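For the sequence shown, the working numbering begins at 1 and goes up steadily by one. In this text, a Cβ means the ideal position worked out from N, Cα and C, and glycines have one as well. In this text the structure is predicted, and so the values were computed from the model without any measurement.
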Amino acid sequence: MQILKTIEELQDIRKNINSNVGFIPTMGALHDGHISLIKKARLENEIVVVSIFVNPTQFLLGEDLNTYPRKDEADKKICELCKVDYLFMPEISTMYSEEEILIKAPNKSYILEGLARPGHFDGVLQVVLKLFGIVQPTNAYFGKKDAQQLSLITQMVKNLFLPINIIPCEIVRENDGLAMSSRNVYLNNEQRSDALLLSKSLYLAASLVAKNEKNTSILTNKISEMMKNLNVEYIAIVDREFNEIETIELDNTIILIVVRFEQTRLLDNIWI
Ligand code: PAF
C-alpha cells in the first residue's frame, strides 16, 4: 500500500490506471463499517483507494472537529490488512485554498440532519466533489447509515453528470445491534446500553410493517413510545428521495431515528 499526501502524487498515479478504481472516502477512525465498504470495493475493483480527511467544512461551529477521533496509525494498519492500494491522507491546506467555489446542497439538505446541522451537507458535497475530482473513481462506496448524505451525493453525481457509480452499502452493526459509528466511543456504559433502543425500535417497526402495518403515524408512535425515556431529536419516515410519507412504500422507504446523548448524536435507520 502506498500512502499519498499530495494531490500531484495521486494524480500522477491515476493517469496510468486504466482499470476500475473503487473509492472509499472516510474521516478515519476506521471501524467494521468502513472495513465492509473497503472489502466490497476490493472484490469489485482492480484498484482500491481510501481517503482519510477530517473535513472542516462539514463541521458547524461548536461541533466536535477538534475532538473528532483520530487514529492514523491504526487506520493505516487496517487499510494495509484490507489490501488497499492507495491511502490518501491530505492536509487541510492541500484540500482548501483561501477562496473557494462553494457548493450549495439542494433544499432537502435542510431537513432532518440538515435542520440540526445547517450547512453540514454543503461541506460534505464540497469535499466529496473535490475527492471525486482527484481520485476519479469508477465506483464510490457509501454506507446507508448516513442515508441523507448518500441520497445527496447520488443526486450530486446525477446533476453534475459525473461518470461515477455510487454504491450504497449495508449498515454494519455490533453483535447487540448498535450501528457502528466513529462517535460510539463518546458513549458511557449507561448511554451505550440505552443506545440499543435505536435498533430495537427500528426492528419493531420493520416487524410491524411485515405484519402489514403501513400507516407511518402509527409506526412513528410505536417507535417514540419505545424511546420515551431518551432525548429523541427526530423520528422520520421518508421515501428514498427524502419526502415524508404517510403510507409505507415497500422497497422505497427509510425509517430514520436520531437520539442525542449529551453532546453525541446517534443516527440509525432501516430501509424497508
Ligand atoms: O461520511 C463521512 O465520513 C464523511 O461525511 C465523508 C463522506 C468522508 C466526507 O467527509
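6 Å CB neighbourhood of residue i in its chain, flanking five on each side removed
{"i": "phenylalanine 88", "result": "Leu4, Leu10 and Ser51"}
{"i": "valine 238", "result": "Glu244 and Ile254"}
{"i": "isoleucine 257", "result": "Leu198, Ile235 and Asp268"}
{"i": "leucine 60", "result": "Arg117"}
Range of the contiguous alpha helix (DSSP H) that encloses residue i
{"i": "threonine 154", "result": "147-159"}
{"i": "valine 128", "result": "120-135"}
{"i": "glycine 114", "result": "113-116"}
{"i": "tyrosine 203", "result": "196-210"}
{"i": "glycine 62", "result": "Taken as a continuous stretch (DSSP letters only), glycine 62 belongs to no alpha helix (DSSP H), as it is neither H nor E."}
{"i": "alanine 41", "result": "32-44"}
{"i": "serine 51", "result": "Per DSSP, serine 51 belongs to no alpha helix (DSSP H); it is in the beta strand (DSSP E), 47-52."}
{"i": "isoleucine 171", "result": "No alpha helix (DSSP H) contains isoleucine 171, which DSSP labels as neither H nor E."}
Residue i classed as buried or exposed, judged by whether at least 16 other C-beta atoms fall within 10 angstroms
{"i": "glycine 62", "result": "exposed"}
{"i": "lysine 104", "result": "exposed"}
{"i": "lysine 83", "result": "exposed"}
{"i": "glutamate 113", "result": "buried"}
{"i": "arginine 57", "result": "Strictly speaking, residue 57 in this sequence is threonine, with arginine absent from that position. The residue is buried, with at least 16 neighbouring Cβ atoms inside 10 Å."}
{"i": "valine 48", "result": "buried"}
{"i": "isoleucine 272", "result": "buried"}
{"i": "glycine 28", "result": "buried"}
{"i": "tyrosine 203", "result": "exposed"}
{"i": "leucine 150", "result": "buried"}
{"i": "glutamine 126", "result": "buried"}
{"i": "lysine 145", "result": "buried"}
{"i": "leucine 115", "result": "exposed"}
{"i": "glutamine 148", "result": "buried"}
Cut-off 8 Å between Cβ atoms - residues of its own chain near residue i, not counting five sequence neighbours on either side
{"i": "glutamate 80", "result": "Met1"}
{"i": "proline 137", "result": "Val21, Gly22, Phe23, Val49 and Ile164"}
Beta-carbon separation (whole angstroms), residue i vs residue j, contact threshold 8 Å
{"i": "isoleucine 171", "j": "asparagine 139", "result": "The pair is not a contact, with the Cβ atoms about 19 Å apart (cut-off 8 Å)."}
{"i": "asparagine 20", "j": "glutamate 46", "result": "5 Å"}
{"i": "lysine 214", "j": "isoleucine 248", "result": "4 Å"}
{"i": "methionine 156", "j": "glycine 33", "result": "Not confirmed; about 22 Å, so no contact."}
{"i": "valine 128", "j": "proline 25", "result": "6 Å"}
Range of the contiguous beta strand (DSSP E) that encloses residue i
{"i": "glutamate 233", "result": "231-239"}
{"i": "cysteine 82", "result": "No beta strand (DSSP E) holds cysteine 82; DSSP gives it neither H nor E."}
{"i": "glutamine 263", "result": "Per DSSP, glutamine 263 belongs to no beta strand (DSSP E) and is neither H nor E."}
{"i": "threonine 220", "result": "Taken as a continuous stretch (DSSP letters only), threonine 220 belongs to no beta strand (DSSP E), being part of the alpha helix (DSSP H) at 216-226."}
{"i": "glutamine 2", "result": "2-4"}
Same chain, Cβ closer than 7 Å to residue i, five either side skipped, listed in chain order
{"i": "proline 123", "result": "Inspection of the sequence shows that residue 123 is occupied by glycine rather than by proline. The residues are Asn55, Thr57 and Gln58."}
Should the stretch 91-104 be called in touch with the stretch 72-79, which here means at least 3 C-beta pairs below 8 Å? Contact between the stretch 91-104 and the stretch 72-79 is absent, because fewer than three Cβ pairs lie under 8 Å.
Tell me, please, whether the stretch 218-237 touches the stretch 182-200 by the rule of three or more beta-carbon pairs shorter than 8 Å. Put simply, the stretch 218-237 touches the stretch 182-200. At least three CB pairs are less than 8 Å apart.
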